[in-house]
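A.B. asks: Here you go, one structure.
Residue numbers (this note's numbering): 209 to 922.
In structure tokens form, the structure reads like this:
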């Protein structure tokens, strides 16, 4: 009996207008995959059968790991996807926005045991909490997937067995350094720090995330990543737009693919909370397959007879992720799709992190910012605006209470709020609330304003397509700033005094209203409540059309409200900054007043002979340069003058303790100079910088500036 197949067409590239034609059987197996031009599609008669006039757009967040309360970092990714989903809907796309939770794994099992719950009960509670947060943030997702959903588990098992039968997965044994917190194995060269015993044997280490690793040996199934390395590298070169921002693709090539991909362990036997391998149930399918394929199981792939959504929306237009999980999405995921003979997603957008002035958010530091607090105090729109305006593409952003309150006062209240207030007040005062009909080029300043608005609308669309929200919002605020200037240039309070200038006064009012209408449309994906309020105060219906937006699109016969409420009342800066700081410290563990106490001097390590100590060469080294290491939030890279013929390079895991690392330049540190060089994050480290540790804080050991570089300590 012939296998029933369903055929689908999906756009690969809207610029060259090519589509992917692929057929999938009812069991989810891909039968063929062919790229056709639009001309070929139309001439073959396939267009009417498989394509609609409305364009489709599929965007995803990563599925979050529900091990704790989500802070503004996770809120950023979800809001960023929501902004693009709303934008595309306003551009007449049929959008599918996916988010959800990764609910299996050893860490979840441990957390549940600590809480006295079953793993399912634990993740059920976390899922409810996360969905409540997304509701608070007005996230317009189309589907919330959980990896414990029965349909997903069914698909995971089927896909694993398919890959096993194909020979892409095989049984072997794995010995490596494993982080429970990261649920990831690391090679020695990938670790931020390596610990060795007195014989130089490795006994442990620290992952780039800062979590400890332990040595694990177990039987495991492996995915043959190595046989796809050349194919993936070729795909990168053929699709330079695949990974954004620019530069991240080169990181993946240089750090992982070109050195040689190792086969990937894809099962575990040391815990039970997960999808079991049907043919070998002592193995639990590991996170790589379980979590990553959510992007296709959510569309019905691998489990449903109805693959309409899969045909319509795959391949995904954008996977939006944090930079810390780029490797999994840019290497493991594409290779899995190649093995399944499915098209790859069109773009991976890997954003930076929100950090604090003193490093990453941490309860112990008292610097964690939760979105619930900010929404309750200041409203949702300021949070959405701040997060989207403050994280530069390709870089990290720093959250400060001063910046948060400042942006509300200066950009939202002063710039936008005052423009709306002044416009509504003047229309009421000069035209009894009726907005005059829009007419072009009446005053000397109308054409310039119209030209700028047209240019900034185009700039906005370009930056939205590039997912560069700060620049998109900058284009909007350029319109706001120019419109405020337009009021000063035209001086309506002067025009009203001369009857002969009534037409000019009318033009000013209509241009102000038209400009605000444009602004309301452009900010709708970012700040829905504010956008709606502007439209309502101008007497406009809540119908938005971003495709045909212009000043001249202002409808006739509008009447503003009699008295508009300020959309952003000014805040007391000092009071609100203090409030945010107090809430950030609310979760910080209480510190006891220090009291001197008797201390037994106890060795923390085995006593050594003087001969052992004499083997260690400690020198004075001056810091010449210091910088952060790409891909690690823990490592700093130092160039040091230690009295050698050439400067030496040392990597040290102290970045979180020195957020202003340039302050270390010029300081003279103590280093272990004769430590065997080792690789960390692909970089050579030629020694160790000595630090003192107290209550979890590290401080580098310095010497008097007068001591010459290279001096021996001991």
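Yeah, the Cβ is synthetic: ideal placement off N, Cα and C, and Gly gets one too.
1. Measure the C-alpha to C-alpha separation of residue 863 and residue 432 and round it to an integer number of angstroms.
2. Counting C-beta neighbours from all protein chains within 10 Å, is the total for residue 225 16 or more, i.e. buried, or is it exposed?
3. From the DSSP output, read off the bridge partner residues of residue 558.
4. Taking the CB atoms as reference points, tell me whether residue 365 and residue 483 lie closer together than 9 angstroms.
5. Of the residues 369, 272, 329, 521, which one's Cα is nearest the Cα of residue 925?
6. Looking only at C-alpha atoms, which of 384, 359, 438, 559 sits nearest to residue 513?
7. Using a 10 Å radius around the Cβ and a threshold of 16 neighbouring Cβ atoms, would you call residue 439 buried or exposed?
8. Look at residue 643 and residue 767 and say whether their C-beta atoms are less than 9 angstroms apart.
9. Identify which residue in 463, 373, 412 has its Cα closest to the Cα of residue 403.
10. In chain order, what residues of the same chain have a beta carbon less than 6 angstroms from the beta carbon of residue 888, not counting five sequence neighbours either side?
11. Where DSSP assigns a beta bridge to residue 563, which residues make up the other side?
12. Output the boundary residues of the alpha helix (DSSP H) element that contains residue 273.
13. Measuring only the C-alpha atoms, how far is residue 488 from residue 578?
14. With DSSP as the reference, please indicate the residues paired to residue 923 in a beta bridge.
15. Shortest alpha-carbon distance to residue 399 belongs to which of 892, 907, 291?
16. Compare the C-alpha of residue 425 against each of 381, 708, 462 and name the closest.
17. Candidates 748, 777, 726, 736: which alpha carbon is nearest residue 756's?
18. Report the partner residues of residue 830 according to the DSSP bridge assignment.
19. One question on the structure: do residue 502 and residue 332 come within less than 9 angstroms of each other, judged by their Cβ atoms?
20. Does the separation of the CB atoms of residue 281 and residue 530 fall below 9 angstroms?
21. Apart from the five residues just before and just after residue 634, which ones in its own chain have a Cβ nearer than 7 angstroms to its Cβ?
22. Taking residue 600 as the reference, give the member of 396, 437, 538, 562 with the closest Cα.
23. Across the region 729-739 and the region 588-596, are there enough close Cβ pairs to call them in contact, namely three or more that are closer than 8 angstroms?
24. Which residue from 878, 885, 754, 264 puts its Cα closest to that of residue 523?
25. Which of the three DSSP states, helix, strand or coil, is assigned to residue 524?
26. Classify residue 413 as helix, strand or coil using the three-state DSSP reduction.
27. Hey, how far is the Cα of residue 669 from the Cα of residue 677?
28. In whole angstroms, give me the CA-to-CA distance for residue 629 and residue 685.
29. How would you write the range of the beta strand (DSSP E) that residue 263 sits in, first residue to last?
30. Distance, Cα to Cα, residue 494 vs residue 374?
31. From the DSSP output, which residues share a beta bridge with residue 836?
32. Look up residue 552 in the DSSP assignment and say whether it is helix, strand or coil.
33. Looking only at its own chain, which residues have a Cβ that is under 7 angstroms from the Cβ of residue 293, when we skip the five neighbours before and after it?
34. Kindly identify the DSSP beta-bridge partner or partners of residue 902.
35. Taking 9 angstroms as the threshold (C-beta atoms), are residue 314 and residue 479 in contact?
36. Once the 5 residues before and after residue 631 are set aside, which same chain residues still bring their CB inside 7 angstroms of it?
C.D. replies: Looking at the coordinates:
1. 35 angstroms
2. Unreliable positioning characterises residue 225 in this predicted model, as indicated by a pLDDT of 39, which lies under 50. A coordinate reading is not provided.
3. Paired residue(s): 529.
4. yes
5. Nothing in the structure corresponds to residue 925, since the chain is present only between 209 and 922.
6. 359
7. exposed
8. yes
9. 412
10. If you ignore the 5 residues before and after residue 888, its C-beta comes within less than 6 angstroms of the C-beta of 859, all in its own chain and listed in chain order.
11. DSSP output for residue 563 lists 606 as bridge partner(s).
12. Per DSSP, residue 273 belongs to no alpha helix (DSSP H) and is neither H nor E.
13. About 43 angstroms.
14. As shown, the chain starts at 209 and ends at 922. That puts residue 923 outside it, with no answer to give.
15. 892
16. 381
17. 726
18. 849, 876
19. Cβ atoms of residue 502 and residue 332: not closer than 9 angstroms.
20. In this structure, residue 530 lies closer than 9 angstroms to residue 281 by Cβ.
21. The answer, listed in chain order, is 700, 717.
22. 562
23. yes
24. 264
25. coil
26. Judged by DSSP in its simplified three-state form, residue 413 adopts strand.
27. 10 angstroms
28. 16 angstroms
29. 263-268
30. 19 angstroms
31. 844
32. coil
33. 267, 303, 305, 348
34. 905
35. yes
36. 720, 721, 724
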